[in-house]
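See structure below.
Numbering (UniProt numbering), first residue to last: 1 to 470.
This is the structure in structure tokens:
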């Protein structure tokens, strides 16, 4: 690990070569504002801070003086009626820009609790929050980088408001680059709010320009989060990202380990040689992939799935997947999207001692239920060739009043069928799985399996179901 003097020297050289993030000179003078119409700013700060000066408003919101006010506002109801009342009360004491920014930050913090444990201490913009990596995937990636990288600091290139930056800084010192002035300011503020200010330097500037000028600091590893939008449209190619994959390859020539966050639909043909791919699923959704450069011992493709007790990995092992029948009484597993994208369905199939129902359909069928973090499980009660008339008859016979619709290889969107289904009011929950098999369309009726505490309980449930096959 580099010494503190070495880190400080690099910080100084970086700050002299680029625009370092610094607060605005304008400061409001209230040392401890509270939420009260009687607490008003002096005339001088009001004159200095105009209603249109959002930058100054944000600097006030980031200041220590504003934190008690944000905490007080966080306890208030935030429905439409109350927001108007709060804005009116705040404007008696603060310029409109400050009042609006205070309300905005409280709203964004409430939304951010789904992503960050300490959202109540952080600062956001709406777009940056939407794009930020959630805390658990960020911590997972940072832990891998710390384990694999040689000694030395990290770079965070395109740090946004600091979701990944915070996770990285908990493990090693980090120098971060962000081209957007507001986001770079918020990233530094978020690091400070979580006690990481001494481990973080945020540079407001373009890291690709620093790389081209040979001014990018040497580091043990770099995390890159390219923009996946070009001219307002979502980018679906590695060459359409900003920066594009060619510039990241140049970065890897200088940095031994590089992790790049990309879209989960990344095409195999675009992946550079010597690069491995991790598909990440969080809360059951595969929202991102990571290109890893400098991990020769890692699998070519693997999935990382977050379950209730942490992260699990499964890799593409190139195993052949057996084919078999779909029949009542069997368990159908729907693999997580990350498992499918990592081409690890056959590996999971072997784990479950199951088979596929068709070569290009990612449904695994097995005789027994096994609790599996990489897939959802369903008990199949009936199997029929697809017919809307028969489907409605069987829904009625099974007393199904709520239904999940799943499909693979079926020509219609499942939800287009829902208005035509005859569900029984007050009936039980069920599932209809629509699939293609041997050039025919089939439907399997059953129910979702919730993880059971013991096998005997599952056996009793299974034995209570009536099974039927066409």
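Ideal Cβ placement from N, Cα and C applies to all residues, glycine included. As the structure is a prediction and not an experimental result, all values here were calculated from the model.
State the CB to CB distance for the pair residue i and residue j, rounded to an integer number of angstroms; the pair is presumed to be in contact (CB under 8 Å).
{"i": "residue 70", "j": "residue 107", "result": "That pair is no contact at about 11 Å."}
{"i": "residue 260", "j": "residue 248", "result": "6 Å"}
{"i": "residue 102", "j": "residue 84", "result": "The pair is not a contact, with the Cβ atoms about 14 Å apart (cut-off 8 Å)."}
{"i": "residue 145", "j": "residue 174", "result": "Going by Cβ atoms, the distance from residue 145 to residue 174 rounds to 11 Å, so no, they are not a contact pair."}
{"i": "residue 142", "j": "residue 171", "result": "6 Å"}
{"i": "residue 382", "j": "residue 394", "result": "6 Å"}
{"i": "residue 341", "j": "residue 264", "result": "6 Å"}
{"i": "residue 257", "j": "residue 275", "result": "In fact, because the Cβ distance is near 12 Å, the residues do not count as touching under 8 Å."}
{"i": "residue 62", "j": "residue 123", "result": "6 Å"}
{"i": "residue 407", "j": "residue 435", "result": "7 Å"}
How long is the line joining the alpha carbons of residue i and residue j, rounded to whole angstroms?
{"i": "residue 87", "j": "residue 75", "result": "15 Å"}
{"i": "residue 489", "j": "residue 277", "result": "A question about residue 489 goes unanswered here, because the residues of the chain that appear run from 1 up to 470."}
{"i": "residue 439", "j": "residue 450", "result": "32 Å"}
{"i": "residue 430", "j": "residue 401", "result": "8 Å"}
{"i": "residue 344", "j": "residue 262", "result": "19 Å"}
{"i": "residue 113", "j": "residue 161", "result": "15 Å"}
{"i": "residue 322", "j": "residue 244", "result": "40 Å"}
{"i": "residue 419", "j": "residue 391", "result": "13 Å"}
{"i": "residue 44", "j": "residue 95", "result": "In this prediction, residue 44 has a pLDDT of 30, which is less than 50 and means its spatial position is unreliable; nothing more can be read from the coordinates."}
{"i": "residue 34", "j": "residue 60", "result": "Residue confidence is low: residue 34 scores 38 on pLDDT, short of 50, so the model does not pin down where it sits. Its coordinate-derived value is still stated next. So the two alpha carbons sit approximately 14 Å from each other."}
{"i": "residue 471", "j": "residue 127", "result": "Past the edges of the chain, shown from 1 to 470, lies residue 471, and the structure says nothing about it."}
{"i": "residue 223", "j": "residue 239", "result": "18 Å"}
{"i": "residue 132", "j": "residue 140", "result": "15 Å"}
{"i": "residue 410", "j": "residue 329", "result": "23 Å"}
{"i": "residue 287", "j": "residue 376", "result": "18 Å"}
{"i": "residue 384", "j": "residue 331", "result": "16 Å"}
{"i": "residue 100", "j": "residue 58", "result": "10 Å"}
{"i": "residue 208", "j": "residue 273", "result": "22 Å"}
{"i": "residue 77", "j": "residue 92", "result": "19 Å"}
{"i": "residue 47", "j": "residue 54", "result": "With a pLDDT of 36 at residue 47, under the threshold of 50, the modelled position of that residue is not reliable, and the figure given next carries that caveat. If I take the Cα positions, the gap works out to 14 Å."}
{"i": "residue 79", "j": "residue 109", "result": "15 Å"}
Is it buried or exposed, residue i, if we count other Cβ atoms within 10 angstroms and call 16 or more buried?
{"i": "residue 212", "result": "exposed"}
{"i": "residue 428", "result": "exposed"}
{"i": "residue 228", "result": "buried"}
{"i": "residue 82", "result": "exposed"}
{"i": "residue 184", "result": "buried"}
{"i": "residue 310", "result": "exposed"}
{"i": "residue 387", "result": "exposed"}
{"i": "residue 181", "result": "exposed"}
{"i": "residue 294", "result": "buried"}
{"i": "residue 30", "result": "Since pLDDT at residue 30 reaches only 34, below the 50 mark, its modelled position is unreliable, and the value read off the structure follows with that caveat. Residue 30 comes out buried."}
{"i": "residue 135", "result": "buried"}
{"i": "residue 335", "result": "buried"}
{"i": "residue 204", "result": "buried"}
{"i": "residue 399", "result": "exposed"}
{"i": "residue 397", "result": "exposed"}
{"i": "residue 178", "result": "buried"}
{"i": "residue 308", "result": "exposed"}
{"i": "residue 319", "result": "exposed"}
{"i": "residue 226", "result": "buried"}
{"i": "residue 504", "result": "Limits of the chain in this structure are 1 at one end and 470 at the other, which puts residue 504 out of reach."}
{"i": "residue 115", "result": "buried"}
{"i": "residue 253", "result": "exposed"}
{"i": "residue 210", "result": "buried"}
Check this for me: beta carbons of residue i and residue j, under 9 Å apart or not?
{"i": "residue 351", "j": "residue 374", "result": "yes"}
{"i": "residue 520", "j": "residue 219", "result": "This structure does not reach residue 520, given that the chain is present from 1 up to 470, and the question cannot be answered."}
{"i": "residue 298", "j": "residue 338", "result": "no"}
{"i": "residue 442", "j": "residue 251", "result": "no"}
{"i": "residue 348", "j": "residue 372", "result": "yes"}
{"i": "residue 111", "j": "residue 90", "result": "no"}
{"i": "residue 138", "j": "residue 159", "result": "no"}
{"i": "residue 169", "j": "residue 221", "result": "no"}
{"i": "residue 333", "j": "residue 366", "result": "yes"}
Would you say residue i lies against chain D (beta-carbon separation less than 9 Å)?
{"i": "residue 297", "result": "Considering every chain present, this structure includes no chain D. It has just one protein chain."}
Three or more C-beta pairs below 8 Å linking the segment 161 to 180 and the segment 303 to 323: no
The segment 281 to 296 in contact with the segment 170 to 190 per 3-pair CB rule at 8 Å: no
At least three beta-carbon pairs within less than 8 Å, the segment 361 to 375 to the segment 410 to 428: no
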